[in-house]
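For the sequence shown, the residue numbers in the working numbering are -15 to 382.
Remarks on the structure that follows.
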Amino acid sequence: MKTVTINEKLSDEIQMKCRFNSHYCSFETIVDGGIAKMGNNIKKIKLEDLGYDTFFESNLIKLGLDSNSVARVIAEYRETYRVRTTNNEYLAKITGKKIFDASSREDFPAVGDWVVITELDKDQAVIHGILPRKTILRKKYNNQQEIQVIAANLDVAFIIESVDRDYNLNRFERYFVLANDGNIKPVIILNKMDLISQTELNLKINQIKNRFNDIYVIPTSIIIEQGLDELIAYITKGKTYCFLGTSGVGKSSLINKLLGQDNIKTNKVNLNTGKGKHTTTSREIYFLKNGGIVVDNPGMREVGMTDSIVGIESVFDEIIALSKNCKYGNCTHTHEPGCAVLNALKSNELDENKYLNFVKLKNEAEYYGMAELEKRKKDHQFGKFAKKALKQIKETES
């Protein structure tokens, strides 16, 4: 049987096979007929090389734990995680108690999280808890009233669009809202700049600068190898960067260039639709030679809003500032007389596309908030019903 290291890129057909031993699960990762052994050829590093800093250290001290018990989640599979300590990598599962206590998806580990573990052997570990997150990137599941955690403890979100069919200012704004809502700095990467002329590229950059204030833009192309030096120079040691965008914009190809090798499988874009395939099927952290930490993500078909009011107010700060001069405190900025936002729109002081996107995203976030409130109300009512029913059963038994 072929044995491979866990550092090799896992195939799309990964299957996690568990043999239950006592209360824990023993793991083998089946990769192309071979078993992926953990801990082979792992170089000893410092916690700081994994992105650890004083924020996490202070929270660790508050919990009365030492740094020997922490690891960072560097990959997420179905119900299983790959975690990295200073001297080893492990396949890990969370305890049954942690699963039982979880009230939402946000209570489970995500790529980028710092977790408290117990090592079972050289290949396996159990996750007992998650350290408080410094930042979090999340979105609404497609057509579902649930939150999907994309990654945690990010410093920068690289929002990538290709300059051809994928280019869309409104979509940039959606990503900005998610990033700002999670206290993450957004940066734009305009990829595949080789597909258009320098004049067209400059026009797009000017459109971005006019629409968005103080946003950093990096034009790139792996074909003509432009912008790659600027991108690697932007990435600093010990900081974590997440690559976001739809399928086919070149996220994985850019990371491969930064790594200096083809670690991540990529596919060509469909020339008829201009859309890419979901080559990346799981979130995973990669470590660059300069000490930077990057997260590759599957392409996003939709960027759904959660209760992202803070992010919306940050991205659309110009509109929020105007709204303070509205005649009514509860103005929706859609039809009311004396609305300062509508007045600015009529006088061309406010970009129409920006205004329309603001209204759309605000409505989505408010709808999510109302639906979530209704869900909590129903959960509370069910909890009261269950408690009452349990009391009646006990009274009947006695």
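For every residue, glycine included, the Cβ atom is placed at its ideal position computed from N, Cα and C.
Because the structure is a prediction, the values reported are computed rather than measured.
Where does H317 land, buried or exposed, given buried means 16+ other C-beta within 10 angstroms?
buried
For the region 142 to 209, list the beta strand (DSSP E) runs that are entirely contained and at least 3 residues long, ordered along the chain.
169 to 175, 201 to 203
Look at the Cβ atom of W98, then the Cβ atom of R56, and state whether they are nearer than 7 Å.
yes
Considering only the alpha carbon of each residue, which of Y36, L75, N197, N347 lies closest to V171?
N197
Within 7 Å of any Cβ in chain C, is that where the Cβ of T220 sits?
Chain labels in this structure do not include chain C; a single protein chain is all it has.
Let me confirm a value: R89 is counted as buried when at least 16 other C-beta atoms fall within 10 Å, else exposed. Which label applies?
exposed
Which residue comes first and which comes last in the alpha helix (DSSP H) that contains E41?
38 to 46
Where K81 sits in the DSSP three-state scheme
helix
Tell me whether E63 sits in a helix, a strand or coil according to DSSP, three-state version.
coil
Do V278 and Y225 come within 7 Å of each other at the CB atom, strictly closer than that value?
yes
Whole-angstrom distance between H319 and N327, CA atom to CA atom:
11 Å
Y387 - DSSP class collapsed to helix/strand/coil:
Any question about residue 387 goes unanswered here, given that the chain covers just -15 to 382.
Who pairs with Q132 in a beta bridge, going by DSSP?
K123
Expressed to the nearest angstrom, what Euclidean distance is found between the alpha-carbon atoms of N254 and G232?
With a pLDDT of 46 at N254, under the threshold of 50, the modelled position of this residue cannot be trusted; read the value that follows with caution. Rounded to whole angstroms, N254 to G232 spans 9 Å at the Cα level.
Alpha-carbon spacing of S205 relative to G80, whole angstroms
46 Å
From Q210, T230, I101, L179, pick the residue whose C-alpha is nearest to that of R158; which is it?
T230
Where do the N-terminal and C-terminal ends of the alpha helix (DSSP H) with A305 fall, by residue?
301 to 307
For L345, the three-state DSSP class (helix, strand or coil)
helix
Quick one: Cα of Y8 to Cα of A349, how far?
With a pLDDT of 34 at Y8, under the threshold of 50, the modelled position of that residue is not reliable, and the figure given next carries that caveat. Cα-Cα distance, rounded: 40 Å.
For R89: DSSP bridge partner residues
The partner list for R89 (beta bridge, DSSP) is empty, contrary to what the question assumes.
Express the C-alpha separation of Y36 and N43 in angstroms, rounding to a whole number.
11 Å
Would you mind reading off the limits of the beta strand (DSSP E) that contains V325?
Element bounds for V325: not the beta strand (DSSP E) but the alpha helix (DSSP H), 324 to 330.
Can you name, in chain order, every residue of its own chain whose Cβ lies under 8 Å from the Cβ of L49, other than the five neighbours on each side?
V100
Sorted by chain position, which residues of the same chain lie with C-beta nearer than 8 Å to L334's C-beta, five sequence neighbours on each side aside?
E302, I303, L306, V325, A328
Bridge partners of D280, per DSSP?
E268
Helix, strand or coil for L138? Go by DSSP, reduced to three states.
coil
Measure the alpha-carbon distance for Y270 versus F142 and round it to whole angstroms.
15 Å
Does the Cβ of I208 have 16 or more other Cβ atoms within 10 Å, making it buried, or fewer, making it exposed?
exposed
Distance check for E184 and Y151, CA to CA, integer angstroms please.
12 Å
What does DSSP give as the partner residues of G113 in its beta bridges?
V100
Report the option in H112, V147, P203 whose CA atom is closest to the CA atom of I83.
H112
Inter-residue Cα distance where the pair is K344 and E73:
44 Å
Reduced DSSP category for V95 - H, G, I as helix; E, B as strand; rest coil
coil
Compare the beta carbon distance of T119 and N164 with 7 Å and say whether it is the shorter of the two.
no
In its own chain, which residues sit with a C-beta less than 7 Å from the C-beta of S51, not counting the 5 before and 5 after it?
L31, L44
DSSP-derived helix/strand/coil call for C9:
Caution is warranted here: a pLDDT of 38 is assigned to C9, below 50, making its placement in the model unreliable, and the coordinate value is therefore given only provisionally. DSSP places C9 in strand when its eight states are reduced to three.
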